[in-house]
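Asks: Please find one structure pasted underneath; my questions will follow.
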Amino acid sequence: MTVHSGTFIAIVGPSGSGKSTLLHCASGLEDTDAGEVVIAGSEISKLSYERRAVLRRAHIGFVFQEHNLVDSLTARDNVRLPSILRRQPMGRTQADENLDEVGLSHRKSHRPHQLSGGEQQRTAIARVMANHTEIVFADEPTGSLDLSASAKVLHWLRRTASEGAAVVMVTHDVHAAARADHVYVMESGRFRFDLPGGSPERISECLLQIKERPRC
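Here the sequence shown stands for residues 152 to 367, where the numbers follow this note's numbering.
Following this line, the structure appears as structure tokens:
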């Protein structure tokens, strides 16, 4: 799989098909058993743990199911954290503007344990928005959100790709996947179908074929 700048890719498949594992390997969070993963010209399996961390901070934004927020920091400071680690700290006003864009301006001083699951998800999204990364990996980014918030997140992912980032999203939602430029349907760790985006019906048909496929 090759993901170019300015492209929005969605990966769907049954539970256990390997979607999240693929995302973790593609981002350098897990090692691969075979093949290569190249990010920004670097083959990440050849990098030390420390060099991978530096590469991720410089090039990658994550929106994962676990949210990965720091419990001791406010929502505002969680948004600012990647820039602080890069020693280029953003101002509080910029962080607040991104929280406002996801509807959390009134929660900027709250810590993660004071936020709902959906609010934590939106804080993680605001963090990626604020740091303008070249690559965005999103694992079920709408899983904890209502329809209105989900629509806003998908609009942001679409806009992020149109502004030049490479976006890779794992989802169970065929309507969310249809917003992508390209959709890969996984089965048992492999790509079974390779589709253009735009048609939730076609994606559903492919998933149904996998479900109804005879098992040995």
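We put the CB at the ideal spot given by N, CA and C, even for glycine.
Source: prediction; values computed, not measured.
Give me the Cα-Cα distance between Ala331 and His210, rounded to the nearest whole angstrom.
Replies: Take the alpha-carbon of Ala331 and the one of His210: they are about 21 Å apart.
Asks: I'd like to check one pair, Val319 with Leu174: are the Cβ atoms closer than 8 Å?
Replies: Between Leu174 and Val319, the C-beta spacing is below 8 Å.
Asks: Going straight from the alpha carbon of Cys367 to that of Gly315, what length do you get?
Replies: Annotation note: pLDDT 36 at Cys367 (below 50); position unreliable, coordinate value reported separately. Near 44 Å, if we compare the C-alpha coordinates of Gly315 and Cys367.
Asks: Determine the DSSP secondary structure at His333, reduced to helix, strand or coil.
Replies: strand
Asks: Under the three-state reduction of DSSP, which class applies to Cys367: helix, strand or coil?
Replies: The pLDDT assigned to Cys367 is 36, lower than 50, so where the model puts this residue is not dependable; a value taken from the coordinates is nonetheless given after this. In the three-state DSSP reduction, Cys367 falls in the coil class, being neither helix nor strand.
Asks: Gly349 and Gly169 look like a contact to me (Cβ under 8 Å); what is the Cβ gap, rounded to whole Å?
Replies: Their Cβ separation, rounded to whole angstroms, is 24 Å, which puts Gly349 and Gly169 out of contact at 8 Å.
Asks: Looking only at its own chain, which residues have a Cβ that is under 8 Å from the Cβ of Lys197, when we skip the five neighbours before and after it?
Replies: none
Asks: Please report the distance separating the alpha-carbon of Leu305 from that of Ser199.
Replies: 34 Å
Asks: Quick check on Met152: buried or exposed, where buried means 16 or more other Cβ atoms within 10 Å of its Cβ?
Replies: exposed
Asks: Below 8 Å, can you find three or more Cβ-Cβ pairs linking the region 208-223 to the region 286-301?
Replies: yes
Asks: Under three-state DSSP, which class holds Arg237?
Replies: coil
Asks: Between the region 349-362 and the region 179-186, do at least 3 Cβ pairs fall closer than 8 Å?
Replies: no
Asks: How would you write the range of the alpha helix (DSSP H) that Ala177 sits in, first residue to last?
Replies: 170-177
Asks: Helix, strand or coil for Asp247? Go by DSSP, reduced to three states.
Replies: helix
Asks: Measure the CB-CB distance between Val325 and Ile162 and report whether it falls below 8 Å.
Replies: no
Asks: Is the beta carbon of Leu206 closer than 8 Å to that of Ser223?
Replies: no
Asks: Would you identify the three-state DSSP class for Gly269, choosing helix, strand or coil?
Replies: helix
Asks: Compute the beta-carbon to beta-carbon distance between Met280 and Asn249, rounded to the nearest angstrom, for a pair I have assumed lies under 8 Å.
Replies: 5 Å
Asks: Between the alpha carbons of Met241 and Gln360, how many angstroms are there, rounded?
Replies: 48 Å
Asks: Across which residues does DSSP place Leu346 in a beta bridge pair?
Replies: Val334
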